[in-house]
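Under full-length UniProt numbering, the first residue of the sequence shown is numbered 1, with each subsequent residue one higher. A quick write-up on the structure given underneath.
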Amino acid sequence: MSDFRRGTRLGVDVGKARVGVAKCDPDGLLATPVETVPRDEATVARIVALADEHSAFELYVGLPLNLRGEDTPSTQDARDVAAALAAASGLTVRLVDERLSTVSAHAALRSSGRSQRSSRSIVDQVAAVVLLQQALDVEKSTGRPPGTPVPQEPA
Numbered sequence: 001m002s003d004f005r006r007g008t009r010l011g012v013d014v015g016k017a018r019v020g021v022a023k024c025d026p027d028g029l030l031a032t033p034v035e036t037v038p039r040d041e042a043t044v045a046r047i048v049a050l051a052d053e054h055s056a057f058e059l060y061v062g063l064p065l066n067l068r069g070e071d072t073p074s075t076q077d078a079r080d081v082a083a084a085l086a087a088a089s090g091l092t093v094r095l096v097d098e099r100l101s102t103v104s105a106h107a108a109l110r111s112s113g114r115s116q117r118s119s120r121s122i123v124d125q126v127a128a129v130v131l132l133q134q135a136l137d138v139e140k141s142t143g144r145p146p147g148t149p150v151p152q153e154p155a
């Protein structure tokens, strides 16, 4: 834990219709839901505003891979959003493996007694919490930042 970089981070779960956002405390103890952002032309600006509002120093964008670790139809979409966030925010954006984060989110909501229909508005936030918590756990156990940094290019 001595190599853990202190500071708030945001987790971002990119979906076709919505984007879930979660944050952690500066010590990386707990990831919590922040907001479900509609997927439209203002998505990137809203996430950048949330990063600023929560004083985040880094963003983790979930990279949807299949169980074999290969790209899925959504992989390039997540890469594109991550690149747009890096360009717009000037922050470090890291792509982190998010295999099963949405499945885990649905399972957690189901076990808390929520139906899939009643969970629709928050499942993206819960998936962002899952991916952020996994990323924090990786850094704490290895002493290295999780995932792969997205190159910053001017917007």
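The beta-carbon is built from N, C-alpha and C at its ideal position, and this holds for glycine as well.
Check                                                                                                                        : Outcome
Identify whether Thr142 lies in helix, strand or coil by the three-state DSSP scheme.                                        : helix
From the DSSP secondary-structure annotation, give me the bridge partner or partners of Ala22.                               : Gly11, Pro33
Can you give me the start and stop residues for the beta strand (DSSP E) that Leu59 sits inside?                             : 58-63
Give the range of the alpha helix (DSSP H) segment to which Leu50 is assigned.                                               : 43-53
If you draw a straight line from the alpha carbon of Val44 to that of Ser111, how long is it in whole angstroms?             : 32 Å
Just to confirm, are Pro33 and Ala22 a CB contact at a threshold of 7 Å?                                                     : yes
With respect to the alpha helix (DSSP H) encompassing Asp80, which residues constitute its N-terminal and C-terminal limits? : 75-89
What does DSSP give as the partner residue(s) for Pro38 in the beta ladder?                                                  : Arg18
On a Cα-Cα basis, can you pick out the residue from Pro149, Val130, Arg9 that is closest to His54?                           : Arg9
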